[in-house]
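Inspection log for the structure reproduced underneath, given as structure tokens.
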Amino acid sequence: MKVLALVALLATTLAVSSAALPVEPKNAFALAQEDQNQPQNVVEPRKPILPISVKSYIVVFKPTAATHIIEKAERDIMELGGKIGQRYSSVLKGFSAWIPSPVLQALSTNPFIDYIEEDGEVTAYGK
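With mature numbering (1 follows the signal peptide of the UniProt record, and there is no 0) applied, the sequence shown corresponds to residues -19 to -1, 1 to 108, in that order.
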């Protein structure tokens, strides 16, 4: 009698447990879809307190500057939000670039740079 009662209790427990389960278990794709529908935590980028100006400059290196030094300066400018324009190698070593003002200040301390000049339009007038 105790065995029958135990079997009946076990059968009832299994029936109740399986009734609580969903009919079709969700697969990984369905769970991923649900996650996409949930609101995501979005961190707003921090805005600078002062506007940063980006101007076009011509950066000229000393004749003794190695190519890898110039390439490193180009990479640094691009990583910090600038953009490289033209590269110069025949008459002088250097490049033109749009450089944010804080990067320009740091770049001006590079001992391999001969000078940095703001880029502009040049025209020739004849008489």
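C-beta atoms are modelled at their ideal positions from N, C-alpha and C, and glycine is treated no differently.
> What beta strand (DSSP E) runs, 3 residues minimum, are completely inside the segment 30 to 68?
Replying inline: DSSP runs (the beta strand (DSSP E)) wholly in the segment 30 to 68: 35 to 42.
>> With H, G and I counted as helix, E and B as strand and the rest as coil, what does DSSP make of Ser70?
In response: Along the sequence shown, one-based indexing puts residue 70 at 89. In the structure shown, Ser70 falls within a coil segment according to DSSP collapsed to helix, strand and coil.
>> Short of 6 Å in beta carbon distance, which residues of its chain neighbour Ile39, apart from the five on each side in sequence? Order them along the chain.
In response: Within the sequence shown, residue 39 is the residue found at index 58, counting from 1. Around Ile39: Ser77, Glu98, Asp100.
> For Arg41 versus Gly66, is the C-beta distance shorter than 8 Å?
Replying inline: As a position in the sequence shown, residue 41 is number 60, starting the count at 1. As a position in the sequence shown, residue 66 is number 85, starting the count at 1. Inspection of the sequence shows that residue 41 is occupied by Val rather than by Arg. Contact flag unset, no.
>> For Pro83 and Ser70, what's the separation of their Cα atoms in angstroms?
In response: Within the sequence shown, residue 83 is the residue found at index 102, counting from 1. Within the sequence shown, residue 70 is the residue found at index 89, counting from 1. About 26 Å.
>> Spatial neighbours of Ala(-5) within its chain, please: C-beta separation below 8 Å, excluding the five flanking residues on both sides.
In response: Taking the first residue of the sequence shown as position 1, residue -5 is located at position 15. A caution first: Ala(-5) carries a pLDDT of 49, below 50, which makes its placement in the model unreliable, though a value can still be read off. If we look at Ala(-5) and ignore the five residues flanking it on each side, it has no Cβ neighbours.
> Excluding sequence positions up to five away, which residues of its chain have a Cβ less than 7 Å from the Cβ of Pro81?
Replying inline: As a working note, residue 81 is residue 100 in the sequence shown. If you ignore the 5 residues before and after Pro81, its C-beta comes within less than 7 Å of the C-beta of Ile33, Val35, Leu61, Gly62, Gly63, all in its own chain and listed in chain order.
>> Tell me the DSSP secondary structure of Ser77 in three-state form.
In response: Here the question's residue 77 lines up with position 96 in the sequence shown. Strand, per DSSP.
> Do Asp95 and Lys43 have their CB atoms nearer than 8 Å?
Replying inline: In the sequence shown, the residue the question calls residue 95 occupies position 114. In the sequence shown, the residue the question calls residue 43 occupies position 62. Yes, they are a contact pair.
> Where Asn91 and Ala47 are concerned, what is the direct C-alpha to C-alpha distance, given to the nearest angstrom?
Replying inline: As a first step, residue 91 must be located in the sequence shown, where it is residue number 110. As a first step, residue 47 must be located in the sequence shown, where it is residue number 66. Computed Cα separation, rounded: 13 Å.
> So which of Phe93, Leu88, Ala105 has the shortest CA-CA distance to Ile50?
Replying inline: Working through the sequence shown from its first residue, we reach residue 50 at position 69. Taking Ile50 as reference, the option from Phe93, Leu88, Ala105 with the minimal CA-CA separation is Phe93.
>> Within the continuous alpha helix (DSSP H) that includes residue 115, where are the two ends?
In response: The first residue shown for the chain is -19 and the last is 108, placing residue 115 beyond what the model contains.
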